[in-house]
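Participant:
Residue numbers (this note's numbering): 20 to 113.
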């Protein structure tokens, strides 16, 4: 059962190119302990799946604070996925 859905800040241009812009990717978290990434432009299989140790109850993409000179235009390297598990723990991936 899906418990959480979040738009990702990423755009998939092709299989090898991921950039930051208007999102075409959503992320879902489920009680089967998976986080899945989906391209909303196509009705196909998921782009990526992450298996965790307990059910996923919540998801949120955040950008951790960095020094201003380290931030580049269209650079998503500072974006992290925070997710809450059924056991009460919160994790950061990215």
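Cβ atoms here follow ideal geometry from the backbone N, Cα and C, with glycine treated the same way.
Could you compute how far the alpha carbon of residue 98 sits from the alpha carbon of residue 51?
Facilitator: Distance between the alpha carbons of residue 98 and residue 51 is about 25 angstroms.
Participant: So, residue 67 versus residue 56, is the Cβ gap smaller than 9 angstroms?
Facilitator: For residue 67 and residue 56, yes; Cβs fall inside 9 angstroms.
Participant: To the nearest angstrom, how far is the alpha carbon of residue 22 from that of residue 113?
Facilitator: In a straight line, the C-alpha of residue 22 is about 21 angstroms away from that of residue 113.
Participant: How many angstroms separate the CA atom of residue 104 from the CA atom of residue 64?
Facilitator: Cα to Cα, the separation comes out at about 24 angstroms.
Participant: Please report how far the alpha carbon of residue 27 lies from the alpha carbon of residue 43, in whole angstroms.
Facilitator: Spanning the two alpha carbons is a distance of roughly 8 angstroms.
Participant: Using a Cβ-based criterion (distance less than 8 angstroms to any ligand heavy atom), does residue 66 qualify as near the ligand SAH?
Facilitator: This structure does not include the ligand SAH; it has no bound ligands of any sort.
Participant: Residue 66 by DSSP, collapsed to three states: which one?
Facilitator: Reduced to three states, the DSSP call for residue 66 is coil.
Participant: Does DSSP put residue 105 in a helix, a strand or coil?
Facilitator: Correct three-state label for residue 105: coil.
Participant: So is residue 107 buried or exposed if we call it buried at 16+ other beta carbons inside 10 Å?
Facilitator: Exposed, by the Cβ-count rule.
Participant: Using the beta-carbon count (16 or more within 10 Å), is residue 78 buried or exposed?
Facilitator: That one is buried.
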